[in-house]
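> Residue numbers (our numbering): -17 to 647.
Glycine is no exception: its CB is placed at the ideal position from the N, C-alpha and C atoms.
Structure in structure tokens, see below.
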């Protein structure tokens, strides 16, 4: 039965490739749920998308890379393929994106290529944890101990003539089989073993690449026992364009990213400018509940991405309206609000797919238009292409926004200004039959839902592994002194992660800036100890940056602020001021009488507090730089936006370069 399903999947994938290059337009007249005005990447701070937007400004000189992580909605590459096609059409191709031989894992393939294999292969996927094999960035692993095994990937479209390299992610141990790479009538022997730990992949130069690529296992020594494969990519030799990686695993949850053994090294090799995190369906679908630990899991995933690639921008996505066993899932709206909350706390971009796609109970409209499958969980090919087109529109809108001279400090939509999407007028009483792929629907029925449900014990295993790794790292850090950490002789950036004032992890990150003469020091610190650990230390590097606990990379200003008052103190002071205003308003009549007798009244609130007249605080003058906004300036100087506005009369969000802002110490 399993072999039958695998064969059917391969046939279906081949049939679907006829339509894979089509780009669907979105007509708001045909789709009443669509509101172009809300299809935006939202952000609570412009710094959330700053690094990606800066990279896009240099795309003619340097490649820009996007990594999209997700579940079954992403595995087929239908929505992500649409985004890739549209971005590469506009900005050029820098690579194909990650490829995997799905036939070895007995699962459905991308619609942009097919795969087949020979010999005995075992596999593992991140939907089932703990995993039987180490996992890489694609969330799947293929392994063979058969010295005659091979697999072949056949792409639907011709490969760009600029693609001259193939990057192969695999184990490079002494006992691993060597391989032969076959493409365009060229057979290239590749020595897999490497004693270098610097890279997690093999980079193979090829004269040309055809639509068919084969990797054959080759046993060249008696101690070689296996070959373990995590994915590959086709790379352009042009220093421009977009490379869009799509990494989706059906049934995967947020926690699956935490279980990817080789994720950190492999994402560093990809070096994305933007990471899109697009999970959620399998986290709450089957019991319609948001688990108490889901928020921490999402934070852990964002943290794992930021530790590995601190300069990458991150976009979090909500899910679409969902049904399970014909029952509408109410947790989709709660999940959307949770993602919005976390995007603010973690300074990420936010694509509210839940609202953009129509909101509560809107999926039946998609079904009426042939955009949703009958399970009311997944979309049809056309539906996923609509999603991809809308995601491209949102990303392109952000690119255009950040090219303007004046960038808003935040872009947060007020949905109360828009008509809600749950009107009965939008729904047909008798939904029409959807144009669903019958074989793919049958495959859904063959999936055991229990496979999606991971136990709390499995999460505990992941947590224990993480704690064990942190313990090793902590012992390493104890051997380092301040001079070692800030030493200019260090060629790559040193990252020290501090959470709640406790050092958690240290890694060396290969930065794009490492070839420059000036060393870039990247220090990850909580706000409370920035002054103690960074400003008070004798750092002699010419360029210094801070990664706050939110992961925001900021330059250390030459003006050194003193440690500011705590948030609790600020709140108390603001409450006192509010009380004082209320008391003064109530005593307005009495104050007027006193003024008539020319007696200067003592403010009642101050009399209650009984504080001495405060000494006028010292202040500094800050000159606004390119890319500054009130949020960034406030964080940099450990003050609040409210304080900035209080100290500077008529200060608005629209800052001008070289504008002077007074900041009291």
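Using alpha carbons as the reference points, say which of 106, 137, 52 and 54 lies closest to residue 97.
The residue you call residue 97 lines up with position 115 of the chain shown. The residue with the shortest Cα to Cα distance from residue 97 is 137.
> Quick check: the region 324 to 332 against the region 23 to 35, are there 3 or more CB pairs under 8 Å?
Counting Cβ pairs under 8 Å, three or more are found: they touch.
> Can you tell which of 40, 80 and 72 has its C-alpha closest to the C-alpha of residue 654?
Outside the shown range of the chain, which is -17 to 647, sits residue 654, and nothing can be said about it.
> Under a Cβ-count criterion, where at least 16 other Cβ atoms within 10 Å of its own Cβ denotes burial, should residue 463 be classed as buried or exposed?
The sequence position of residue 463 within the chain shown is 481, counting from 1. Bear in mind that the predicted position of residue 463 carries a pLDDT of just 31, short of 50, making it too unreliable to give a figure here.
> Using the Cβ count rule (16 or more neighbours within 10 Å means buried), how would you classify residue 292?
The sequence position of residue 292 within the chain shown is 310, counting from 1. Buried: at least 16 other Cβ atoms inside 10 Å.
> Mark residue 187 as exposed unless 16 or more other C-beta atoms lie within 10 angstroms of its C-beta, in which case mark it buried.
Here the question's residue 187 lines up with position 205 in the chain shown. Looking at its Cβ environment, which holds fewer than 16 other Cβ atoms inside 10 Å, residue 187 is exposed.
> Output needed for residue 155: all residues of its chain with C-beta closer than 7 Å, excluding positions within five of it in sequence on either side, in chain order.
Counted from its first residue, the chain shown places residue 155 at position 173. Only 175 meet the Cβ criterion.
> Taking only three categories from DSSP, how would you classify residue 119?
Here residue 119 refers to the residue found at position 137 of the chain shown. Three-state result, residue 119: coil.
> Suppose the cutoff is 7 Å on Cβ atoms and the five residues either side in sequence are ignored; what does the same chain contact list for residue 644 look like?
What you label residue 644 is simply residue 662 of the chain shown in a count that begins at 1. Answer for residue 644: 601, 603, 629 and 630, listed in chain order.
> Residue 648 lies in the beta strand (DSSP E); which residues open and close that run?
An answer regarding residue 648 cannot be provided, because it is not within the stretch -17 to 647 covered by the chain.
> Tell me where the alpha helix (DSSP H) around residue 141 begins and ends.
Within the chain shown, residue 141 is the residue found at index 159, counting from 1. Looking at the DSSP string, residue 141 is not in any alpha helix (DSSP H), and its letter there is neither H nor E.
> Any idea what DSSP makes of residue 259, helix, strand or coil?
Within the chain shown, numbered from 1, the residue matching residue 259 stands at position 277. If DSSP states are grouped into helix, strand and coil, residue 259 belongs with the strands.
> With distances taken Cα to Cα, identify the nearest neighbour of residue 244 among 609, 200, 375 and 213.
As a first step, residue 244 is located in the chain shown; it is residue number 262 there, counting from the start. When each option's Cα is compared against that of residue 244, the closest is 213.
> Just to confirm the assignment, what range does the alpha helix (DSSP H) spanning residue 363 have?
If you number the chain shown from 1, residue 363 lands on position 381. Segment 363 to 384, the alpha helix (DSSP H) holding residue 363.
> Can you round the beta-carbon distance between residue 199 and residue 129 to whole angstroms, since I take them to be within the 8 Å contact cut?
Working through the chain shown from its first residue, we reach residue 199 at position 217. Working through the chain shown from its first residue, we reach residue 129 at position 147. Rounded, the Cβ-Cβ distance is 6 Å, consistent with contact.
> Let me confirm a value: residue 61 is counted as buried when at least 16 other C-beta atoms fall within 10 Å, else exposed. Which label applies?
As a working mapping, residue 61 is identified with position 79 in the chain shown. Answer is buried; the Cβ neighbour count reaches 16.
> By the 10 Å Cβ neighbour count, where 16 or more other Cβ atoms means buried, how is residue 323 classified, buried or exposed?
Position 341 of the chain shown holds residue 323. So residue 323 ends up on the exposed side.
> Okay, do the region 221 to 236 and the region 16 to 27 touch, 3+ Cβ pairs below 8 Å being the bar?
Touching, no.
> Which class does residue 265 belong to by DSSP, given the choice of helix, strand or coil?
What you label residue 265 is simply residue 283 of the chain shown in a count that begins at 1. Correct three-state label for residue 265: helix.
> Say whether the region 108 to 121 touches the region 237 to 251, bearing in mind that this needs 3 or more beta-carbon pairs closer than 8 Å, one atom from each stretch.
Yes: the two stretches touch, three or more of their Cβ pairs being nearer than 8 Å.
> Determine the direct distance from the alpha carbon of residue 348 to that of residue 141, and round the result to whole angstroms.
Mapped onto the chain shown, residue 141 falls at position 159. Mapped onto the chain shown, residue 348 falls at position 366. Going by the C-alpha atoms only, they are around 34 Å apart.
> Decide if the region 99 to 110 is in contact with the region 70 to 80; the criterion is three or more beta carbon pairs, one per stretch, under 8 Å apart.
No, because fewer than three Cβ pairs between the region 99 to 110 and the region 70 to 80 fall closer than 8 Å, the two stretches do not touch.
> Would you list the one or two residues that DSSP bridges to residue 124?
Here residue 124 refers to the residue found at position 142 of the chain shown. Paired residues: 105 and 211.
> Which word fits residue 161, buried or exposed, when buried means at least 16 other C-beta atoms lie within 10 angstroms of its C-beta?
Reading the chain shown from its first residue, position 179 is the one you call residue 161. Buried is the call here.
> Along the chain, where does the beta strand (DSSP E) containing residue 54 start, and where does it finish?
As a working note, residue 54 is residue 72 in the chain shown. Element bounds for residue 54: not the beta strand (DSSP E) but the alpha helix (DSSP H), 54 to 57.
> How far does the alpha helix (DSSP H) with residue 277 in it reach, from first residue to last?
Taking the chain shown and counting its residues from 1, the one referred to as residue 277 is at position 295. Run containing residue 277: 276 to 290, per the alpha helix (DSSP H) assignment.
> Specify, as a first and last residue, the run of the alpha helix (DSSP H) that residue 67 falls within.
Position 85 of the chain shown, counted from the first residue, corresponds to residue 67. Its alpha helix (DSSP H) spans residues 60 to 73.
> With DSSP as the reference, identify every bridge partner of residue 97, one or two as the case may be.
Position 115 of the chain shown, counting from 1, holds the residue named residue 97. According to DSSP, which records beta bridges pairwise, residue 97 is partnered with 135.
> Our contact map puts residue 372 next to residue 338 with C-beta atoms below 8 Å; I'd like the distance itself, whole angstroms only.
By one-based count along the chain shown, residue 372 stands at place 390. By one-based count along the chain shown, residue 338 stands at place 356. With a Cβ gap of about 6 Å, residue 372 and residue 338 count as contacting.
> Helix, strand or coil: which one does DSSP assign to residue 317?
By one-based count along the chain shown, residue 317 stands at place 335. Note: residue 317 maps to helix in three-state DSSP.
> Apply the 10 Å Cβ neighbour rule to residue 632 and answer buried if 16 or more other Cβ atoms are within range, or exposed otherwise.
As a first step, residue 632 must be located in the chain shown, where it is residue number 650. The residue in question, residue 632, is exposed, as its Cβ has fewer than 16 Cβ neighbours within 10 Å.
> Just reading off the alpha helix (DSSP H) that residue 646 is part of, what are its end residues?
Locating residue 646 in the chain shown gives position 664, where the first residue counts as 1. Run containing residue 646: none in the alpha helix (DSSP H); it sits in the beta strand (DSSP E), 642 to 646.
> Closest to residue 206 by C-alpha separation, out of 288, 67 and 127, would be which residue?
Here residue 206 refers to the residue found at position 224 when the chain shown is read from its first residue. Of the listed residues, the one whose Cα sits closest to residue 206 is 127.
> Please name the residue, chosen from 34, 71, 90 and 19, that lies closest to residue 54 on a Cα-to-Cα basis.
Residue mapping note: residue 54 aligns to position 72 of the chain shown, counting from 1. Residue 54 has its Cα closest to that of 90, out of 34, 71, 90 and 19.
> Closest to residue 149 by CA distance: which of 184, 131 and 170 is it?
Locating residue 149 in the chain shown gives position 167, where the first residue counts as 1. Here the closest residue by C-alpha is 184.
> Could you compute how far the alpha carbon of residue 255 sits from the alpha carbon of residue 388?
For the purposes of this step, residue 255 is identified with residue 273 of the chain shown, where counting begins at 1. For the purposes of this step, residue 388 is identified with residue 406 of the chain shown, where counting begins at 1. One C-alpha to the other measures close to 22 Å.
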